[in-house]
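Participant: Right, I'll just put the structure down here and ask away after.
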Amino acid sequence: MNMERIINEAADEADEVLNGIRIQKEARPVIQEWISERHPELSGPDRMKVAAGVLSILQREGFFEVAERRTGMFGGEDANELVE
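Numbering follows the numbering used here, with no gaps: position 35 of the sequence shown is 919.
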């Protein structure tokens, strides 16, 4: 089985599969379920590699929302405070 083909297939179907999910943390289990259903022949480690590959492609393409940084009281960024 060609894992690169499966990764590309899942990434191509992301809009439909994720159905409006734009947060990577929420997308991961949905992608993993899609992989398990569509490709049960893959081992657990291979499914994890495929999921990581799909999420990487989607992230590079700007699919996921980006957390915004809050500006601190003195104009600097509060590195520990992220708004999602």
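Note that CB positions come from ideal geometry on N, CA and C, so glycine has one too.
Since the model is a prediction, treat every value here as computed from it, not as a measurement.
Short check: CB of ILE941 to CB of ILE891, under 8 Å?
Facilitator: For this step, residue 941 is matched to residue 57 along the sequence shown. For this step, residue 891 is matched to residue 7 along the sequence shown. Against a cut-off of 8 Å, the Cβ pair of ILE891 and ILE941 comes out as a contact.
Participant: For ALA963, collect the residues of the same chain with a Cβ closer than 7 Å to its Cβ; drop the 5 residues on either side in sequence, then sort them by chain order.
Facilitator: As a position in the sequence shown, residue 963 is number 79, starting the count at 1. Note that ALA963 has pLDDT 49, beneath the 50 cutoff, so the model's placement of it is unreliable and no number is given.
Participant: Please determine, among LYS909, LYS933, GLN916, VAL914, the residue with the shortest C-alpha to C-alpha distance to GLU949.
Facilitator: Counting from one through the sequence shown, the residue named residue 949 turns up at place 65. Taking only the C-alpha atoms, the option nearest GLU949 is LYS909.
Participant: Which of the three DSSP states is assigned to ARG912 in this structure?
Facilitator: Mapped onto the sequence shown, residue 912 falls at position 28. It is helical.
Participant: Quick one: Cα of GLY937 to Cα of VAL914, how far?
Facilitator: One-based indexing of the sequence shown puts residue 937 at position 53. One-based indexing of the sequence shown puts residue 914 at position 30. Going from the Cα of GLY937 to the Cα of VAL914 covers about 14 Å.
Participant: What is the DSSP secondary structure of ASN903, counted as helix, strand or coil?
Facilitator: Position 19 of the sequence shown holds residue 903. Three-state DSSP puts ASN903 in coil, outside helix and strand.
Participant: CB TRP918 to CB ALA894, shorter than 8 Å?
Facilitator: For the purposes of this step, residue 918 is taken as the residue at position 34 of the sequence shown. For the purposes of this step, residue 894 is taken as the residue at position 10 of the sequence shown. Going by C-beta atoms, TRP918 is nearer than 8 Å to ALA894.
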